[in-house]
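First the structure, in the form of structure tokens, and then the observations on it.
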Amino acid sequence: MSGVLWVVSPKENANSLLSLMPRIGSPRRSKLCSRLTFSTGVLAYSGAVAHPIRSSEEMVYEVVLKQAALVREQSRVKERALELDERIETDGLSNWDLLNQAYDRCGEVCAEYAKTFYLGTLLMTPERRRAVWAIYVWCRRTDELVDGPNASYITPKALDRWEKRLTDLFEGRPYDMYDAALSDTVSKYPVDIQPFKDMVEGMRLDLIKSRYQNFDELYLYCYYVAGTVGLMSVPVMGISPESKASTETVYNAALALGIANQLTNILRDVGEDARRGRVYLPQDELAQAGLSDDDIFRGKVTDKWKMFMKGQIKRARMFFDEAEKGVSELNSASRWPVWASLLLYRQILDAIEANGYDNFTKRAYVGKAKKLVSLPVAYGRAVIGPSKLTKQLVSR
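Everything in the sequence shown is counted per this note's numbering, starting at 134 for the first residue and increasing by one.
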């Protein structure tokens, strides 16, 4: 996972979670006509009036608006008790004991697979920390369906069953301990199910699609597999009482960070994906640069490739810039892990450049020394209030 959970995208990890693999085989506003400016800098108009076909950004923005509305109505958080049914063995333990165990297990997973982010979560309040762990684990398990050791056995029907499990846990019927932790989390925070469903949709795309014709298609994919994480996490991380930004602005920044992370993953993993027969780069932009899939499969760094990569890296950085404007608006106890993950992940783009744009045979990464330098910088940004840091970022 790449990081925010705002900052942790499931595509980041190659290690498997065999013990966490779900037992999938087991049963048991009026017309919009306003102009919207999105994080890519592209002006888009609602399809209801201007264009019959909406862009991916417009469709995703509707989810952002819905999520923001939920946060504004936190007083309506569900007040039902979590019911652990007979599918979870109790051994005489109370539901409270089981929940504590479930959250602890989620924390252990986060500590093992997202070490830097886990350390940051320890600065959060205990309740928020546990909720973030629960979201992380669900996202990781979902990603493992198509990227894990059993991926070759996963079918669309298996993903349908996984989505049914998701619906059940949102309705208070968890299947196992990890589901129970998330079920408890979504009962306490204004988290909507749609981003979770959309992540499953991203897994469906991975089963059937290995090429993206343009950036609009790629943007939607990035939203599904990474942008969704930000929308899941903002309600848990919270928005600072000092923030003067609109809720929609904060959510849009979270979305931008997820997109930035996934674009960075894609650029870092070009060679690895090519060896699997996958090309997660806009086909039309490759063609405009005089490149094709064959050039990627050959893995030769040419002047054309360098120019193409410069443009792709510039776009990813634009999304990071957009994301930075929102991190400072988060609750003070939640900012540090997000800032740390953002700064560290952004440096992967620097590493690609340092490797001479050879992302065919060299894997870009951030060394321990740079990580250690970045952490106090991230902490420094985290302790600055929303208004001050936002002004600094906007004036850069």
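No residue lacks a Cβ here, since even glycine has one placed at the ideal position from N, Cα and C.
Small disclaimer: the values here were computed from a predicted structure and weren't measured.
Which class does residue i belong to by DSSP, given the choice of helix, strand or coil?
| i | result |
| --- | --- |
| Pro328 | helix |
| Pro538 | No information on residue 538 is available, as it lies outside the stretch 134 to 529 that the chain covers here. |
| Pro415 | strand |
| Leu255 | coil |
| Tyr345 | strand |
| Leu169 | For Leu169, the predicted structure reports a pLDDT of 27, less than 50, and the residue's modelled location is therefore unreliable. The matter cannot be settled from this model. |
| Leu476 | helix |
| Lys424 | Sequence check: residue 424 is Leu here, not Lys. Here Leu424 sits in coil by DSSP. |
| Gln399 | The amino acid occupying residue 399 in the given sequence is Ile; Gln does not appear at that position. Note: Ile399 maps to helix in three-state DSSP. |
| Val516 | helix |
| Ile372 | strand |
| Pro307 | coil |
| Arg187 | coil |
| Ala511 | helix |
| Lys495 | coil |
| Ser81 | This structure cannot speak to residue 81, because the chain is shown only from 134 to 529. |
| Arg409 | coil |
| Val197 | helix |
| Asn283 | coil |
| Lys433 | coil |
| Thr249 | helix |
| Asn488 | coil |
What do you reckon, are the CB atoms on residue i and residue j nearer than 7 angstroms?
| i | j | result |
| --- | --- | --- |
| Ser373 | Pro519 | yes |
| Val279 | Met332 | no |
| Val196 | Gln327 | yes |
| Ala235 | Ala313 | yes |
| Tyr357 | Glu381 | no |
| Phe493 | Gly404 | yes |
| Arg496 | Val412 | no |
| Val270 | Tyr311 | yes |
| Ala456 | Ala393 | yes |
| Leu302 | Ser320 | no |
| Ala387 | Gly410 | no |
| Lys437 | Ala449 | no |
| Val324 | Pro368 | yes |
| Thr361 | Leu482 | no |
| Leu477 | Lys504 | yes |
| Leu508 | Met370 | no |
| Leu256 | Trp472 | no |
| Tyr384 | Ala201 | yes |
| Ile485 | Leu424 | no |
| Val265 | Thr254 | yes |
Measuring alpha carbon to alpha carbon, tell me which residue in the options is nearest residue i.
| i | options | result |
| --- | --- | --- |
| Ala420 | Cys272, Gly513, Asn347 | Asn347 |
| Cys355 | Phe452, Thr288, Val324, Lys447 | Phe452 |
| Tyr490 | Val499, Gly459, Leu508, Lys433 | Lys433 |
| Thr193 | Glu462, Gly391, Ser474, Gln445 | One detail in the question is off: residue 193 reads as Val in this sequence, not Thr. Nearest option by C-alpha distance: Gly391. |
| Ile268 | Val516, Ile399, Gly240, Ala291 | Gly240 |
| Leu353 | Asp402, Arg306, Leu414 | Leu414 |
| Ser189 | Pro509, Leu292, Asp349, Lys458 | Asp349 |
| Lys443 | Glu418, Gly500, Ile287 | Glu418 |
| Glu304 | Ala291, Thr318, Asp293 | Thr318 |
| Tyr286 | Arg263, Cys272, Leu340 | Leu340 |
| Ser366 | Gln445, Leu231, Ser467, Arg408 | Ser467 |
| Leu338 | Pro307, Asp309, Arg306, Thr288 | Thr288 |
| Ile517 | Gly459, Lys501, Gly500 | Gly459 |
| Tyr246 | Arg262, Arg273, Leu231 | Arg273 |
| Ala502 | Gln480, Gly513, Leu351 | Gln480 |
| Lys342 | Asp406, Ser474, Phe441, Leu198 | Asp406 |
| Arg531 | Glu277, Ala284, Asp237 | Only positions 134 to 529 of the chain appear in this structure, which leaves residue 531 out of reach. |
| Leu232 | Ser461, Asp402, Pro307, Asp293 | Pro307 |
| Ala389 | Ala359, Arg408, Asp402 | Ala359 |
| Ser461 | Asp276, Asp230, Tyr512, Arg187 | Tyr512 |
In terms of DSSP beta bridges, what is residue i paired with?
| i | result |
| --- | --- |
| Leu121 | It is not possible to answer for residue 121, since the shown part of the chain is limited to 134 through 529. |
| Leu231 | Looking at the DSSP assignment, Leu231 forms no beta bridge with any residue, so it has no partner. |
| Asp463 | At residue 463 the sequence reads Leu, which differs from the Asp that was named. Leu463 pairs with Ile372. |
#### Entry: Three CB pairs or more closer than 8 angstroms across the region 370 to 377 and the region 422 to 436
no
### Message
So, does the region 297 to 309 touch the region 248 to 256, judging by three or more C-beta pairs under 8 angstroms?
### Response
no
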